[in-house]
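Student: After the structure tokens below, expect a handful of questions from me.
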Amino acid sequence: LELTPTEARDVMKSLPKGNARTGSFITKTGRAYRASPRQKPGSVRVEGADRVRALEPLLPVAKSVRVWYDEDAQTSGWEIDTDIGRLFALISPELNRGFSGEGQMLERLAVGDWQDALPRVADSLNWQSHIAPSDVAKTAEVREREVEAALAILGARGLAGFDVTSGQYFHRVLPFDLEKVEQLQPRLKNARKLVEQVEVLSQDGPDVDATVPGSDFTHYVRLRLTGHKCTCRWHARYQGQRGPCKHILATRMKVEGIDNVTIGSESQTDSNS
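In short: position in the sequence shown from 1, add 22, done, that's the working numbering.
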């Protein structure tokens, strides 16, 4: 959805104030766009309206505003285009939900071949506006998939950004504590404890059936290219929308034979215990 600055201001003014518990839908009514509590054909859903409103002071310098929404992740993306650059903000569905444990990042931390490649990829960063993994792979003498995994980790560390519009990483530095990216993943730490207890029942290429002990029951895990499944309550509740459960992570770590992730202190959220 692309909006003019005037249309974007109208949308911002119509967003609910305060911490809205339900989503809003940006809908065209006549010639104007408004945020409505009801979904209509062609409308774009927005969660976290109170945080979206934080972008309103930037609208006077905007040339255009683009809005995306991912149904599976329940996440909206807001791109504000100005004369001197573009700002892209991702808005998670809830304030206490980040992105590092709700997608590919958690799985890359668990099973990605990134640790050996990480220092080489980091050394190749030189304030590039676009980073081509294939070029970095050649100069760093590592595989392209290792470069992509390392860039994802560097992104979580604040050392690389990802341009959603171009689908490429770029070099930038944010004031993050670089040592805590892998530490603040309690689900990953709990998965590591289960790796030795995973029993692989069958394996046919990428298709794997396994059992993993839980707190009260033994859970069955199915790894498939079309999507992984687990019988635990975490997976039943979120269906992958908040990242893989610890049982799926443990099974992948067991099957892929990669157990090289260093975990430190445990965060108090998303432990999937």
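Where is the CB? At the ideal position from N, CA and C, for every residue including glycine.
Below 8 Å, can you find three or more Cβ-Cβ pairs linking the stretch 259-269 to the stretch 207-226?
Tutor: The answer is yes - the stretch 207-226 touches the stretch 259-269, with three or more Cβ pairs under 8 Å.
Student: Counting pairs of Cβ atoms below 8 Å between the stretch 59-67 and the stretch 81-88, do you hit three or more?
Tutor: Because the criterion of three Cβ pairs below 8 Å is not met, the stretch 59-67 and the stretch 81-88 do not touch.
Student: Please go through the same chain and pick out, in chain order, the residues whose beta-carbon is closer than 8 Å to the beta-carbon of residue 217, but skip the five residues on each side of it.
Tutor: Result list for residue 217: 272, 275, 276, 281, in chain order.
Student: In terms of residue numbering, what span does the beta strand (DSSP E) encompassing residue 244 cover?
Tutor: Where residue 244 is concerned, the enclosing beta strand (DSSP E) stretches over 240-245.
Student: Does DSSP put residue 113 in a helix, a strand or coil?
Tutor: Residue 113: strand per DSSP, three-state reduction.
Student: Have a look at 159, 141, 262, 98 and flag the residue whose alpha-carbon is nearest the alpha-carbon of residue 176.
Tutor: Among 159, 141, 262, 98, the Cα nearest to that of residue 176 belongs to 141.
Student: According to the Cβ coordinates, are residue 247 and residue 230 closer than 7 Å?
Tutor: No, the Cβ-Cβ distance between residue 247 and residue 230 is not below 7 Å.
Student: Evaluate residue 261 with the Cβ neighbour count: other Cβ atoms within 10 Å of its Cβ, from every protein chain shown; 16 or more gives buried, anything less gives exposed.
Tutor: Answer is exposed; the Cβ neighbour count stays below 16.
Student: Would you list the one or two residues that DSSP bridges to residue 193?
Tutor: Its beta-bridge partners are 182.
Student: Of all the options 152, 139, 108, which has the alpha carbon lying nearest to the alpha carbon of residue 159?
Tutor: Selected option, being the one with the closest Cα: 139.
Student: Specify the secondary structure class of residue 108 as computed by DSSP and reduced to three states.
Tutor: In this structure, residue 108 counts as strand in the three-state DSSP scheme.
Student: Around the Cβ of residue 237, are there at least 16 other Cβ atoms within 10 angstroms (buried) or fewer (exposed)?
Tutor: The residue in question, residue 237, is exposed, as its Cβ has fewer than 16 Cβ neighbours within 10 Å.
Student: Determine the direct distance from the alpha carbon of residue 234 to that of residue 220, and round the result to whole angstroms.
Tutor: Each residue's alpha carbon lies about 5 Å from the other.
Student: Under 8 Å: do the stretch 161-168 and the stretch 179-193 share three or more Cβ pairs, one atom per stretch?
Tutor: The answer is no - the stretch 179-193 does not touch the stretch 161-168, with fewer than three Cβ pairs under 8 Å.
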